[in-house]
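For reference, each letter of the sequence shown is one residue, going 699 to 1061 in this note's numbering. Backbone N, C-alpha and C fix where the C-beta goes; we use that ideal spot for every residue, glycine too. What you are looking at is a predicted structure, and each value in this text was computed from that prediction instead of being measured. Working notes for the structure below.
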Amino acid sequence: MSSPDPASPAVPTHAVPTHAVPAVPAAPEMVAFVAALPKVELHLHLVGSASLDTVLALARRHAGRGVPTELGALREFYAFTDFPHFLEVYRRVNLLVNTGADVITLLGGLAAELAARTVRYAEVQVTPVRNRMAGISYDDLAQALVDGRALARRRHGVELGWVFDADAALGPDGAEQTVDFALGHRPEGTVGIGLGGAEVGVRRADFAPAFRRARDAGLHSVPHAGETVGPGEVWSAITELGAERVGHGIGSAADPRLLEELASRGITLEVCPTSNLRTAAVASLAEHPLPTLLAAGVPVTLATDDPGMFHTDLNTEYLRCHQLFGLGRAELADIARTGACAAFCADDLRTRILTEIDQLQPA
Ligand code: HPA
Ligand code: ZN
């Protein structure tokens, strides 16, 4: 491993992932169905989407920032013991993204991966305040997003939207700065405002003023909530932040009244099963609350969160849900439809995706 940044606390590494993800042996017809199913990805972080190869390239480009420059060590670096450990690793990888060219490298790799999984549209969470801390000016970041989006469309046929997310660790002031960027630069494709990072000890409600300003300016509200804590923060996300979708939201399963509220208001949860396992937000996939959410009629879309870090992709998430929870073709197609309906994309794109899904409907 390369030498760590002396300013950063030590990050433990582990030879064996503590939360190993089961292999996905699925029937070839189901693999083919999921591969052909047109999909949207509504919960995906720019930095966490980078493949191991992309991160290695960046780590070598910017050596000495505490991220391994060899494949084996990088794999170990990505074995997370718990959620705070994941956030610390994420923070370090984020520091590798130093220039507009780095952002375009990430977006090019991401768009290729999305196209390979038949993803037509994705909303990407970008954390501008963290990017600026890593050395990118807001002007350069905005330009790289515009250029990267055009490249994704031209080269890979994938449409991208931006959600600018505040890191809860940077407090309400960081959220105000996030909104300053989103409204001041508003690069093409800007659709929403988000909130990520820790939930323990950080109340969603404290971010209400920043979210109000963003919503008043026409941005959609898509905070994380109920990822590692219970339903209380999901209630806050809805009532205080005006959440139109919720990142994760799995803590909702413990509150039947909240499930009813989500179902009746059509608030979609962006559910990321492998992420939840890999960060130890759930103890095992068998215990994942996805079946409870679906049974309650809550709109659910599947997503990968940080596919490069969690060694997953969107097709794998669909196949895992087939295998673990018995979701068949019709249910998986419904999940894809829910995502298309909850996306903040142009209506003609939404219609095109829905039509494509219908054409694939199983007998
Ligand atoms: N939750 C909170 N913060 C994050 C996540 C997440 O799923 N991914 C990247 N930063
Ligand atoms: Zn996330």
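Between aspartate 1003 and the ligand ZN, is the CB less than 7 Å from at least one heavy atom?
-> Taking 7 Å as the cut-off, the C-beta of aspartate 1003 counts as close to a heavy atom of the ligand ZN.
CB of glycine 846 to nearest heavy atom of the ligand HPA: below 7 Å?
-> Not under cutoff, so the answer is no.
Look at the alpha carbon of phenylalanine 1008 and the alpha carbon of glutamate 938, and state the distance between them as a whole number of angstroms.
-> Pairing phenylalanine 1008 with glutamate 938, the inter-Cα distance amounts to about 31 Å.
Just reading off the alpha helix (DSSP H) that leucine 992 is part of, what are its end residues?
-> First-last of the alpha helix (DSSP H) with leucine 992: 988-993.
What separation, rounded to the nearest whole angstrom, lies between the Cα atoms of threonine 779 and arginine 790?
-> When rounded, the distance between both Cα atoms is 16 Å.
With which residues is glutamine 823 paired in a DSSP beta bridge?
-> In the DSSP output, where bridge partners are listed per residue, glutamine 823 has His743, Val861.
Should phenylalanine 1042 be labelled buried (16 or more other beta-carbon atoms within 10 Å of its own) or exposed?
-> Classification of phenylalanine 1042: buried, given that the 10 Å Cβ count is 16 or more.
Excluding the 5 residues preceding and the 5 following histidine 741 in the sequence, name in chain order all residues of the same chain whose CB lies nearer than 7 Å to its CB.
-> Answer for histidine 741: Gly945, Glu968, Cys970, Ala1001, Asp1003, listed in chain order.
With 16 other CB atoms within 10 Å as the buried threshold, where does arginine 963 fall?
-> Its Cβ having fewer than 16 others within 10 Å, arginine 963 is exposed.
Taking contact to mean at least 3 C-beta pairs separated by less than 8 Å, is the stretch 869-886 in contact with the stretch 904-918?
-> The count of Cβ pairs closer than 8 Å, one atom from the stretch 869-886 and one from the stretch 904-918, reaches three, so the stretches are in contact.
Nearest-angstrom Cα separation, counted from threonine 767 out to leucine 754 = The C-alpha of leucine 754 lies about 6 Å from the C-alpha of threonine 767.
Is glutamate 925 near the ligand HPA, with its Cβ less than 7 Å from a heavy atom?
-> At least one heavy atom of the ligand HPA is nearer than 7 Å to the Cβ of glutamate 925, so yes.
Which residues in the same chain have their Cβ closer than 6 Å to the Cβ of phenylalanine 641, if we skip the five residues on either side of it in sequence?
-> Because the chain is modelled from 699 through 1061, residue 641 falls outside the range shown and cannot be assessed.
Arginine 910, enclosing alpha helix (DSSP H) - first and last residue = 906-914 is the extent of the alpha helix (DSSP H) around arginine 910.
How should proline 954 be labelled, buried or exposed, when 16 other C-beta atoms within 10 angstroms of its C-beta is the threshold for buried?
-> Its Cβ having fewer than 16 others within 10 Å, proline 954 is exposed.
Bridge partner(s) assigned by DSSP for alanine 923 | Within the DSSP bridge table, the entry for alanine 923 names His946 as partners.
Same chain, Cβ closer than 8 Å to arginine 902, neighbours up to 5 away in sequence not counted = Hits under 8 Å: Leu893, Pro921, Ala923, Glu931, Ser934, Ala935, Glu938, Leu939.
Keeping to the same chain, check which residues put their C-beta closer than 7 Å to that of arginine 851; ignore five residues upstream and five downstream.
-> These residues qualify, in order along the chain: Glu857.
Start-to-end residues for the alpha helix (DSSP H) that takes in valine 969 | For valine 969, no alpha helix (DSSP H) run applies; the uninterrupted beta strand (DSSP E) run containing it begins and ends at 966-969, by DSSP.
C-beta atoms of leucine 1086 and alanine 1038 nearer than 8 Å = Residue 1086 cannot be examined here, being either before or after the span of the chain that is shown, 699 to 1061.
From the DSSP output, in three-state form, read off threonine 888 for me.
-> Reduced to three states, the DSSP call for threonine 888 is strand.
For glycine 806, which residues from the same chain have a beta carbon less than 8 Å from its beta carbon, with the 5 sequence-adjacent residues on both sides left out?
-> Exclusion of the five residues before and after glycine 806 leaves Gly846, Leu849, Ala850, Arg853 as the residues of its chain whose Cβ lies within less than 8 Å of its Cβ.
beta-carbon leucine 983 near the ligand HPA non-hydrogen atom, thresh 7 Å = No - the ligand HPA has no heavy atom lying nearer than 7 Å to the Cβ of leucine 983.
On a CA-only basis, which of Ala799, Trp860, Ala809 is nearest glycine 833? Give me that one, please.
-> Closest by alpha carbon: Ala799.
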